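Be aware that the sequence shown starts at 0, since it is given in numbering that gives the first Met the number 0, and climbs by one per residue.
The block underneath contains the structure these notes are about, expressed in structure tokens.
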Amino acid sequence: MEQYVIKGGRPLKGEVVISGAKNSALGILAAAVLSEEPVCIKNLPDIRDINVLLHAMENIGAVIERLDAHTVKIYSKNVHPMAVDDEYIRKIRGSYYLIGALLGRFKKTQVVLPGGCNIGSRPIDQHIKGFEALGAKVAIQHGMVIAEAPELSGSHIYLDIVSVGATINIMLAACLAEGQTILENAAKEPHIVDVANFLNSMGANIKGAGTDVIKINGVKKLHGSTYSIIPDQIEAGTFMLAAAATRGDIIIHNVIPKHLEAISAKLVEIGATVDEMDDAVHVVAPERLGHTHVKTLPYPGFPTDMQPQITTLLALSEGTSIVTESIYESRFKYVDELSRMGASIKVEGNTAIVDGVNRITGATLCASDLRAGAALVIAGLVAEGFTVVEQIEFIERGYENFEGKLKALGACIEKVDSGDERALHKFKLKVG
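Quick look at the structure:
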């Protein structure tokens, strides 16, 4: 096991390039098995979740050719639909996209129930509702989702709640179904549009992605494609808030500023400067920032995946802020770790009342999930003294070369083996 050791107190300054979107990539990789022809995917983030899914795809017969660290060619002609199960795929949420893709292509599949971060209940009932509406019989047995249909037929489906996962999964299953599927109350996140664009590049007929009504006209087959994944809005947002928290000055490249508007608006509201360019944003925050109210909402609202990071920033800002989490009920677990550093945060149900403090101090912290882990790293960058962040495997699920990018911006951060006291001591001597 590895951990980050951080010496806080340095403003982040410089330029950073954002990787491809993790949430897009998981759906797009699963979608690749819908075609028997080769598919080339570019701008793929080199992170743990992606590598686990590629490994699982190989286990069902896909041939994965790594052209470089961020480009793969996938040959799915000999893929089979059954028994997608191994110790790794149980750990990632995105594994459930293989259910929709394999059901769409083979009209039957068997895939292990998904895992991922422990941030609250994330049932797949809306996915199952969609598959059943298309004509499949779905059962959960021995920890596996088993789905089968003589044929899949288009249907009118209304999602009871807005669900990114269900929206993507239903698109995957419906694009090879007979007739038209109308999906209402669909999620509108950028990665929904990205997956739909990828499917259309393979010959699917999907209209309305990015709105709350998506129409999928089934086609007979899908062909090969070469496609580049959009930039990761959550990685970009994390660096934006890291710049603000450390009172830094960062230009963040390879972004789509439109996707960052909810984050940019909150930063401007509390006193930071955010300048948008064609494919970059420039964030400057030389002074301590102010307070605000934040409520997480489906896109285009403030992303739940950015809630821990902005709560950390507000814990260091002036005044009292209120953060309301409306998506996942268990997403405030990291607050206890921030409190150990001297933050003043009180959680009541799904709301955190954040009284900003002037300073926090380093501590040994434990990342409870992907985004909470990133937030603790931000806290360590600001804290006085040394901070150790453990269980960084959560962070590496979604951030490519996180410590390397931070070091290039001037952060004092090192990845060391857990329990390696010599490495820890060496780092402390080196940075003083």
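Virtual Cβ for every residue (Gly too), placed ideally from N, Cα, C.
Please read all numbers here as calculations on a predicted model, not as lab measurements.
Report back the beta-carbon spacing between S154 and T180 to the nearest angstrom; my notes put them in contact at under 8 Å. Walking along the sequence shown from the start, residue 154 turns up at place 155. Walking along the sequence shown from the start, residue 180 turns up at place 181. Confirmed, Cβ separation roughly 6 Å.
Buried or exposed for R330, going by 16 or more other Cβ atoms inside 10 Å? For this step, residue 330 is matched to residue 331 along the sequence shown. That one is buried.
Give the DSSP bridge partners of N204, in chain order. Along the sequence shown, read from residue 1 onward, the residue named residue 204 stands at position 205. Its beta-bridge partners are N216.
Please classify I156: is it buried, with 16 or more other beta-carbons within 10 angstroms of its beta-carbon, or exposed? Here residue 156 refers to the residue found at position 157 of the sequence shown. It is buried - the Cβ of I156 has at least 16 other Cβ atoms within 10 Å.
Within 7 Å, strictly: CB atoms of V38 and A31: Taking the sequence shown and counting its residues from 1, one reaches residue 38 at position 39. Taking the sequence shown and counting its residues from 1, one reaches residue 31 at position 32. Yes, they are a contact pair.
Let's test the definition: count the other Cβ atoms within 10 Å of the Cβ of N168 and tell me whether it reaches 16, buried, or not, exposed. For the purposes of this step, residue 168 is taken as the residue at position 169 of the sequence shown. Answer is buried; the Cβ neighbour count reaches 16.
How would you label H292, buried or exposed, when you count the other beta carbons within 10 angstroms and need 16 or more for buried? Here residue 292 refers to the residue found at position 293 of the sequence shown. Exposed, because fewer than 16 other Cβ atoms sit within 10 Å of the Cβ of H292.
Pick from I321, V356 and V15: whose alpha carbon is nearest that of S338? Against the sequence shown, residue 338 aligns to sequence position 339. Taking only the C-alpha atoms, the option nearest S338 is V356.
Would you call the CB atoms of I250 and A279 closer than 7 Å? Working through the sequence shown from its first residue, we reach residue 250 at position 251. Working through the sequence shown from its first residue, we reach residue 279 at position 280. Their beta carbons are under 7 Å apart, which means I250 touches A279 by this criterion.
Going by DSSP, name the residue or residues bridged to Y333. Start at 1 with the first residue of the sequence shown, and residue 333 comes out as number 334. DSSP lists no partner for Y333.
Output the distance between the C-alpha atoms of G13 and G372, rounded to the nearest integer angstrom. Here the question's residue 13 lines up with position 14 in the sequence shown. Here the question's residue 372 lines up with position 373 in the sequence shown. Rounded to whole angstroms, G13 to G372 spans 23 Å at the Cα level.
Provide the residue span of the alpha helix (DSSP H) that contains T310, from first to last. The residue you call residue 310 lines up with position 311 of the sequence shown. Unbroken alpha helix (DSSP H) run through T310: Q306 to A314.
Three-way DSSP call (helix, strand, coil) for Y95 in this model: Along the sequence shown, one-based indexing puts residue 95 at 96. Here Y95 sits in helix by DSSP.
Taking the C-alpha atoms as reference points, what is the distance between D248 and G103? As a first step, residue 248 is located in the sequence shown; it is residue number 249 there, counting from the start. As a first step, residue 103 is located in the sequence shown; it is residue number 104 there, counting from the start. Distance between the alpha carbons of D248 and G103 is about 47 Å.
Secondary structure of K12, DSSP reduced to three states: What you label residue 12 is simply residue 13 of the sequence shown in a count that begins at 1. K12: strand per DSSP, three-state reduction.
The alpha helix (DSSP H) enclosing E1, as first and last residue numbers: Looking up residue 1 in the sequence shown gives position 2. It is not in any alpha helix (DSSP H) - E1 instead sits in the beta strand (DSSP E) that spans E1 to K6.
Counting Cβ pairs closer than 8 Å, one from the segment 212-221 and one from the segment 261-280, do we hit at least three? no
E402 to E413, Cα distance in whole Å? Taking the sequence shown and counting its residues from 1, the one referred to as residue 402 is at position 403. Taking the sequence shown and counting its residues from 1, the one referred to as residue 413 is at position 414. Answer to the nearest angstrom: the Cα atoms are 7 Å apart.
Three or more C-beta pairs closer than 8 Å, one from the segment 305-325 and one from the segment 345-356: is that the case here? yes
Can you give me the C-alpha to C-alpha distance between I123 and L423, rounded to a whole angstrom? Taking the sequence shown and counting its residues from 1, one reaches residue 123 at position 124. Taking the sequence shown and counting its residues from 1, one reaches residue 423 at position 424. The alpha-carbon atoms of I123 and L423 are separated by roughly 42 Å.
Do you know offhand how far N117's Cα is from F393's? As a first step, residue 117 must be located in the sequence shown, where it is residue number 118. As a first step, residue 393 must be located in the sequence shown, where it is residue number 394. Any answer about N117 is weak, because its pLDDT of 49 lies below 50 and its placement is not dependable; what the coordinates show is given next. Going from the Cα of N117 to the Cα of F393 covers about 10 Å.
In terms of alpha-carbon separation, which member of S152, M143, P302 and H141 lies closest to A135? Your numbering for residue 135 matches position 136 in the sequence shown. Cα-wise, what sits closest to A135 is S152.
According to DSSP, what are the bridge partners of I145? Start at 1 with the first residue of the sequence shown, and residue 145 comes out as number 146. DSSP lists Q109 and A138 as partners of I145.
Runs of 3 residues minimum, wholly inside the segment 159-212: which ones carry the beta strand (DSSP E) assignment? 179-183 and 204-206
Which residues mark the beginning and the end of the alpha helix (DSSP H) in which V388 is found? For the purposes of this step, residue 388 is taken as the residue at position 389 of the sequence shown. Note, V388: premise wrong, no alpha helix (DSSP H); beta strand (DSSP E) at F385 to E389.
Can you tell me whether DSSP reads K414 as helix, strand or coil? For this step, residue 414 is matched to residue 415 along the sequence shown. Strand, per DSSP.
Considering only the alpha carbon of each residue, which of A132, L112 and H126 lies closest to V144? Here residue 144 corresponds to residue number 145 of the sequence shown, with the count starting at 1. Closest option to V144, Cα to Cα, is L112.
Output the distance between the C-alpha atoms of G119 and D368, rounded to the nearest integer angstrom. Position 120 of the sequence shown, counted from the first residue, corresponds to residue 119. Position 369 of the sequence shown, counted from the first residue, corresponds to residue 368. Its pLDDT being 45, under 50, G119 is placed unreliably in this model, and the coordinates cannot settle the point.
Kindly indicate which three-state DSSP category V78 falls into: helix, strand or coil? Here residue 78 refers to the residue found at position 79 of the sequence shown. Coil at V78, not helix or strand.
Under a three-way DSSP split, which group does I394 fall into? The residue you call residue 394 lines up with position 395 of the sequence shown. DSSP places I394 in helix when its eight states are reduced to three.
Bridge partners of G19, per DSSP? Numbered from its first residue, the sequence shown carries residue 19 at position 20. According to DSSP, which records beta bridges pairwise, G19 is partnered with P230.
Beta carbon of V381 nearer than 7 Å to that of T245: Sequence index remark: in the sequence shown, residue 381 carries index 382 (1-based). Sequence index remark: in the sequence shown, residue 245 carries index 246 (1-based). For V381 and T245, yes; Cβs fall inside 7 Å.
S94 burial status per 10 Å Cβ neighbour count (16 or more: buried): To locate residue 94, count along the sequence shown from 1; it is residue 95. Buried, because 16 or more other Cβ atoms sit within 10 Å of the Cβ of S94.
Contacts around I127, its chain only, beta-carbon distance under 7 Å, and the 5 residues preceding and following it disregarded: Working through the sequence shown from its first residue, we reach residue 127 at position 128. Closer than 7 Å at Cβ, skipping near neighbours: V137.
Determine the extent of the beta strand (DSSP E) in which I40 is found, giving its start and end residues. Within the sequence shown, numbered from 1, the residue matching residue 40 stands at position 41. Element bounds for I40: V38 to K41.
Nearest by alpha-carbon distance to K219: which of T311, V430, A203 and A208 is it? Counted from its first residue, the sequence shown places residue 219 at position 220. Checking every option, the nearest Cα to that of K219 belongs to A203.
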